[in-house]
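K.L.:
If you count the sequence shown from 1, position 8 lands on 1222 in the working numbering, and the numbers rise without skipping.
I have a structure here, written as structure tokens, and I will follow up with some questions on it.
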Amino acid sequence: MSIDDAPDAFIRANTALMAPPHVPEIRLHLAEEAHDLWLKTEEELGVIGLPPPFWAFAWAGGQGLARHILDHPEIVKGQDVLDFASGSGIVAIAAARAGARSVTAADIDPWAASACRLNAAANNVDIHTMVGDPLSQDAARWTTVLAGDVFYDRTMTDAILPWLDRIASRGVPIFIGDPGRAYRPADRLSACATYEVPVLRALEDSEVKRTTVWAYRTSKSGQA
1215 MSIDDAPDAF
1225 IRANTALMAP
1235 PHVPEIRLHL
1245 AEEAHDLWLK
1255 TEEELGVIGL
1265 PPPFWAFAWA
1275 GGQGLARHIL
1285 DHPEIVKGQD
1295 VLDFASGSGI
1305 VAIAAARAGA
1315 RSVTAADIDP
1325 WAASACRLNA
1335 AANNVDIHTM
1345 VGDPLSQDAA
1355 RWTTVLAGDV
1365 FYDRTMTDAI
1375 LPWLDRIASR
1385 GVPIFIGDPG
1395 RAYRPADRLS
1405 ACATYEVPVL
1415 RALEDSEVKR
1425 TTVWAYRTSK
1435 SGQA
């Protein structure tokens, strides 16, 4: 099996189609154990250094944001939506189900794109997948931006914030799902709703993560 042909077959063989606990309307190809799945991916392909299989899990930020979108479809209805760092595609799928005009699921990991396509098909929705980093783009084609669980790393956060600031300064709504990650920019966030999201204990420090959906604004807009 080559790298080019591997993702779809591997995902089907090593995950189960199931409903995330906080968003039972959606079904995803999910795994139950991260480390073993990561090792198996590298062993089968003979490649060391593949990205972690973030696409195989329903992270708290994504579940919370997807829940909020399904409960408040007016956020995305008729909009051209970007789901940034999409992972499994749970947020993108929620946006499509809530009536978005178009949905782009962007992730730097090509395996995430494969997972998004499989998961979209399982939920009978159409989404476009983008493999790569949209930070170099002006995002003019999108009228709403969504991001679940993206502030877990300082380097990533430092790279994202100027791009989000540029988008927000044009008046484009940005919604973030975050379960209290260390690097979330408090001065740019205004709370919309908070959820108690069940998660895998193997991935987090508890079985339930309090997750807030935030509206993002530029730091010049005032304090959160």
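Think of the CB as a built atom: it goes at the ideal place given N, C-alpha and C, for glycine as much as any other residue.
Going along the chain, which residues of its own chain have a beta-carbon closer than 7 Å to the beta-carbon of I1225, five neighbours each way excluded?
P.N.:
In the sequence shown, residue 1225 corresponds to position 11, counting from 1. So the list reads H1243, S1328, A1329 and L1332, once near-sequence residues are dropped.
K.L.:
Quickly, what does DSSP pair K1423 with across the bridge? List them, please.
P.N.:
Along the sequence shown, read from residue 1 onward, the residue named residue 1423 stands at position 209. Answer is V1411, bridged to K1423.
K.L.:
Please report how far the alpha carbon of R1424 lies from the alpha carbon of Y1430, in whole angstroms.
P.N.:
In the sequence shown, counting from the first residue as 1, residue 1424 sits at position 210. In the sequence shown, counting from the first residue as 1, residue 1430 sits at position 216. Roughly 18 Å between the two C-alpha positions.
K.L.:
Going straight from the alpha carbon of A1230 to that of V1364, what length do you get?
P.N.:
Taking the sequence shown and counting its residues from 1, one reaches residue 1230 at position 16. Taking the sequence shown and counting its residues from 1, one reaches residue 1364 at position 150. Near 25 Å, if we compare the C-alpha coordinates of V1364 and A1230.
K.L.:
Classify N1338: buried if its beta carbon has 16 or more other beta carbons within 10 angstroms, exposed otherwise.
P.N.:
Numbered from its first residue, the sequence shown carries residue 1338 at position 124. Under this definition N1338 is an exposed residue.
K.L.:
Taking the alpha carbon of L1296 as the reference point, which residue from A1335, E1410, P1235 and P1348 has its own alpha carbon closest?
P.N.:
Here residue 1296 refers to the residue found at position 82 of the sequence shown. Per the Cα distances, P1348.
K.L.:
Looking only at DSSP bridge pairs, what is V1237 linked to?
P.N.:
Here residue 1237 corresponds to residue number 23 of the sequence shown, with the count starting at 1. DSSP output for V1237 lists no bridge partner at all.
K.L.:
Is DSSP giving T1442 helix, strand or coil here?
P.N.:
Any question about residue 1442 goes unanswered here, given that the chain covers just 1215 to 1438.
K.L.:
Can you name, in chain order, every residue of its own chain whose Cβ lies under 6 Å from the Cβ of I1322, other than the five neighbours on each side?
P.N.:
Your numbering for residue 1322 matches position 108 in the sequence shown. Taken in chain order, the residues that qualify are D1347.
K.L.:
Would Q1351 and R1315 be called neighbours here (beta carbons separated by less than 8 Å)?
P.N.:
One-based indexing of the sequence shown puts residue 1351 at position 137. One-based indexing of the sequence shown puts residue 1315 at position 101. No, these two residues do not count as a Cβ contact at 8 Å.
K.L.:
Which word fits R1281, buried or exposed, when buried means at least 16 other C-beta atoms lie within 10 angstroms of its C-beta?
P.N.:
Translated into the one-based positions of the sequence shown, residue 1281 becomes position 67. Buried: at least 16 other Cβ atoms inside 10 Å.
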